[in-house]
Structures are given as structure tokens and as C-alpha cells.
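Worksheet: one structure, shown below.
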Amino acid sequence: HKINRRTVTFNISVTEDNFDSVEYIDYTDSKPKFRMLCNRLKDGICIKSRPFKIGNHNVGIQATDKAGNAVGQGIEFTIV
Numbered sequence: 003h004k005i006n007r008r009t010v011t012f013n014i015s016v017t018e019d020n021f022d023s024v025e026y027i028d029y030t031d032s033k034p035k036f037r038m039l040c041n042r043l044k045d046g047i048c049i050k051s052r053p054f055k056i057g058n059h060n061v062g063i064q065a066t067d068k069a070g071n072a073v074g075q076g077i078e079f080t081i082v
């Protein structure tokens, strides 16, 4: 990920042949829920930017295939 002011750009490489989507959840939100990042890839890459509020963020990123299998990873960052 790359941070520019309040915008975070996610650059995610996906090698799953049966790719369905990449979603994220910000566990520091008052009502955390999964939000779409990508449901299509360009050359196996998902690149999307999303705005975040000022403060600390604990974000989970999850890639899902068409069968519903998912793999995830967490990141933390601070927006100042």
C-alpha cells in the first residue's frame, strides 16, 4: 500500500485462476464491514485507492475465489 495524504492506494497481486473479488474491512470503523476493492484484475493486479479518516487503521484485505474460498492479510497504518 502507498499513502498520499488521506488516500491509500492498494496494489495487490492475485494468482488465483478462479478469482472472484478482493475486499477490505477497516476494523477501526464504528461499524466495520467488507467493502469491494476489485472484482476484475488487469494482468493479475488489483490497484485501487480509497480515502480514510485521520487516525490509526487496522485493515484486513481478503481475496476470494468463485468457490467462496478466501485468503486474507492484515495491515496497519496511520493517516495524519
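Each residue of the sequence shown is one higher than the one before, counting from 3 in the numbering used here. The beta carbon of each residue, even a glycine, is placed where N, CA and C say it ideally should be.
Measuring straight from C-alpha to C-alpha, what distance separates residue 27 and residue 68?
20 Å
Ordered list of beta strand (DSSP E) runs contained in the segment 17-80, each at least 3 residues
21-28, 37-40, 47-53, 57-67
Three-state class that DSSP yields for residue 10 in the structure shown:
strand
Could you work out which residue in 71, 70, 59, 74 is closest to residue 32 when comparing CA atoms only?
59
Which same chain residues end up closer than 8 Å to residue 47 when comparing Cβ atoms and leaving out the 5 residues on each side of it in sequence?
13, 14, 15, 16
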